[in-house]
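Engineer: Have a look at this one.
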Amino acid sequence: IVVISILILAVCILVAVAFFTILERKFLSYTQIRKGPNKVSLMGILQPIADATKLLTKSQQKMESSNVKVTFYSPMMALMISLLIFPMLPLSQFPILDISFNIILFMVVSSTMVYILLSIG
727 IVVISILILA
737 VCILVAVAFF
747 TILERKFLSY
757 TQIRKGPNKV
767 SLMGILQPIA
777 DATKLLTKSQ
787 QKMESSNVKV
797 TFYSPMMALM
807 ISLLIFPMLP
817 LSQFPILDIS
827 FNIILFMVVS
837 STMVYILLSI
847 G
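In my numbering, the protein residues as written are 727 to 847.
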């Protein structure tokens, strides 16, 4: 049941981020006196899906000294580490992961993010 609650939390976070990007783009478009993202679907609701598709299908430039596997898997690892941090946060009275050393585990997992960012380049 813990795995299901963690998956539900991850999906909710990703959907919330998608709609916050729509909100940000709409707000910026209104400050610049233009319509904003409304090309994809009704009022731009499917814009985050189009952005994710564009991001995943975008070609990368290959440098001579780069490792293809590391540059390909690093963004996925960064997303996984970011999603691993959320169950450790005590967001309610009954946290998902109730471990006595949550703070130390949070620091260890968040500090590994530096190495992922360095490997991306």
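From the three backbone atoms N, C-alpha and C, an ideal C-beta is built for every residue, glycine too.
Since the model is a prediction, treat every value here as computed from it, not as a measurement.
Distance check for L754 and K761, CA to CA, integer angstroms please.
Structural biologist: Each residue's alpha carbon lies about 10 Å from the other.
Engineer: If contact is defined by three or more beta carbon pairs under 8 Å, each pair taking one atom from either stretch, is the segment 794-804 in contact with the segment 829-847?
Structural biologist: yes
Engineer: Hey, out of S791, I748, Y841 and P816, whose CA is closest to S800's CA?
Structural biologist: Y841
Engineer: DSSP on S928, reduced to helix/strand/coil?
Structural biologist: The structure shown does not extend to residue 928, since the chain spans only 727 to 847, so no value can be given for it.
Engineer: With P801 as the anchor, note down where its alpha helix (DSSP H) starts and where it stops.
Structural biologist: Start and end: V794 to I811.
Engineer: Taking the beta carbon of P816 as the centre, do at least 16 other beta carbons fall within 10 Å, making it buried, or is it exposed?
Structural biologist: Classification for P816: exposed.
Engineer: Answer with buried or exposed for Q758, where buried requires no fewer than 16 other C-beta atoms within 10 angstroms of its C-beta.
Structural biologist: exposed
Engineer: Are I811 and F827 close, meaning C-beta to C-beta below 8 Å?
Structural biologist: no
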